[in-house]
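Report on one structure; see the data block that follows.
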Amino acid sequence: MQMALASTSKRSCRWFSTNSAKHVETRRPNAGLIEALSKSREAEASRPDKNAFKLRSFDKAIQSISALEYQITSAAVAKQVSTRDVSDVVIPNQLLVIPKIVKGVGNGIARRIDEYLKMEGMLEGTMSRADLDAHKRRQKALAELQRVSGLGPTKATRLYEQGCSSLEDLRKPNFRSQLSRASQIALDFLDDLEQKVTREEVERVSEIILTLLEPEIQIFLTGSYRRGVTMASAIDILVIDPHMVPTPPSSKVTSKKSKTSPENQQSNWLNQSVVEPLESAGVIASTLSSTGSKWQGLVRIPSIGESVDGRLDGIQRHDGKFSKLTIHTVPYSSQGAALLFYTGDTEFIRHIRREASKLGFQLNEFGLWRSASDSEERPWTPEPLYSENDILREIGLDFVDPTHRNFSNITSKAKR
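My numbering puts the first residue of the sequence shown at 1, with every later residue one more than the last.
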């Protein structure tokens, strides 16, 4: 891994080495809290529907708290120090001044800090044994309910307060009816979604998909599979639409994340040319969401040599192994940029977008764009770069093999 990083640029190596091991010695006062937050982050990262923004929040909070030389005694204190940029924040009941630290503790992280402190009996007014036991039961129930995709802390708490304290309860009609259609499907296939798939199983799915689509349509396996993992939590496929036109960023502000999903022009093609043929052939079992150039749902892993009737029957009887499948579609000219984006990982993408921005470019899944200041209608024009290597070279970086793009592992280890 170190050799692979060395083959990028000096700039990229510097960026990924800013978190030195010296922090290990400065986080002793909050070691237990950091461990709890790290476990929560790992749990989020392992979810099929993991939230990249939530993972970044965990990373920022862990980094902030790791830098402190005093013990956090409440979430309010943690939020206070994370929202100030000056070095005059005084902690109540403590004669000390907090140095300027990295931001990162929002409402969600603050709630987790409070939960941890309650469990440790560290809040003002020690909890009684009965209250502590009740709190532990509540936290255990909320954690179990949130195993279901789309069921966050707020919804889980609301259900718990109505008497739903387990997955068995959640399957009861009065609670199940409160879930979205996607969450109901996720509940039905929960055990399948929590299983990982092997590389051979991913390849089996992609091979049968390729045989079912029109010859002009190209597909690529992306995500963690392309990064070389042995077992993947889901299957990610990039589909090249020969008729699609790339959409430029909608804003000239490079500091904001560009969201360019041409939903209206793309949804019909994706459904008619990709999703429907796969459903008819017993590959796709159910749709979770479909928004223009992105589709997510459940795919049934076909047995070797299995017939169409056998696959359809397996879906009908919920027999066999199922996995989450995400399909992204882009035009041919966007192939290189899309392979970069949908291979990941998140930290790698953040890095290359930052490097592009430094040079006045904006990089998204549809290409590398240069500002066209003389045009108000189309403020961005695409660079004619069709491969990952060409794009990385244009922004001053060397090519990084996909199997060496698990940068999140590197940065998270550096922060510990």
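All C-beta atoms in this analysis are idealised placements derived from N, C-alpha and C, irrespective of residue type, glycine included.
Per the coordinates, the alpha-carbon of residue 56 lies some 44 Å from the alpha-carbon of residue 309. Cα atoms of residue 50 and residue 233: separation of roughly 10 Å, rounded to the nearest angstrom. Among the bridge pairs identified by DSSP, residue 244 is matched with none.
In the structure shown, residue 39 falls within a helical segment according to DSSP collapsed to helix, strand and coil. The criterion of a C-beta distance shorter than 8 Å is satisfied by residue 237 and residue 325. CA-to-CA, the gap between residue 118 and residue 58 works out to about 19 Å. Boundaries around residue 277 are those of the alpha helix (DSSP H), 276 to 280, since no beta strand (DSSP E) includes it. As a beta-bridge residue in DSSP terms, residue 296 pairs with 289 and 326.
Counted as a single uninterrupted DSSP element, the beta strand (DSSP E) harbouring residue 364 occupies residues 361 to 364. A distance below 8 Å between beta-carbons, with the five flanking residues on each side excluded, links residue 167 to the following residues of its chain, in chain order: 144, 145, 147, 148, 187 and 190. In this structure residue 314 is buried. Its beta-carbon is surrounded by 16 or more other beta-carbon atoms within 10 angstroms. DSSP places residue 334 in the helix class (H, G or I) of the three-state scheme. For residue 303, there is no enclosing alpha helix (DSSP H), since its DSSP letter is neither H nor E. The distance from the Cβ of residue 398 to that of residue 392 is about 7 Å, consistent with a contact at the 8 Å cut-off. Ranking 283, 282, 136 and 404 by CA distance to the CA of residue 347 puts 404 first. Per DSSP, reduced to three states, the secondary structure at residue 178 is coil, with no helix or strand assignment.
In terms of Cβ geometry, residue 275 and residue 212 do not form a close pair [threshold 8 Å].
Between residue 333 and residue 386, the gap from beta carbon to beta carbon is short of 8 Å. Shown here, residue 235 sits in a strand according to DSSP, grouped into three states. The closest CA to that of residue 36, considering only 69, 357, 367 and 109, is found on 109. When beta bridges are read from the DSSP output, residue 371 appears opposite 380. Here residue 245 has 331 as same chain residues with Cβ atoms under 7 Å from its own Cβ, once five neighbours each way along the sequence are excluded.
Just so you know, the alpha carbons of residue 277 and residue 32 end up roughly 51 Å apart. Within a 10 Å sphere around the beta-carbon of residue 130 sit fewer than 16 other beta-carbons, which makes this residue exposed.
With 16 or more other Cβ atoms inside 10 Å of its own Cβ, residue 337 counts as buried. In this structure, residue 248 places its C-beta atom within 8 Å of the C-beta atom of residue 369. Close CB contacts of residue 44 within its chain, under the 8 Å cut and outside five residues either way in sequence, are with 50, 51, 54, 55 and 58 (chain order). Counting of Cβ neighbours within 10 angstroms places residue 304 among the exposed residues, the total staying below 16. Following the DSSP letters along the chain, one finds residue 170 inside the alpha helix (DSSP H) bounded by residues 167 to 170.
Residue 198 has its alpha-carbon roughly 9 Å from the corresponding atom of residue 225. Residue 356 sits away from residue 311, with the two beta carbons spaced by 8 Å or more.
Sequence-distant Cβ neighbours of residue 182 in its own chain, meaning closer than 8 Å and more than five residues away, are 149, 150, 288 and 289. The alpha-carbon separation between residue 69 and residue 29 amounts to approximately 6 Å.
For residue 352, no beta strand (DSSP E) run applies; the uninterrupted alpha helix (DSSP H) run containing it begins and ends at 346 to 358, by DSSP. Here DSSP, grouped into helix, strand and coil, assigns residue 189 to coil.
Relative to the Cα of residue 107, the nearest Cα in the group 153, 207, 358 and 341 belongs to 153.
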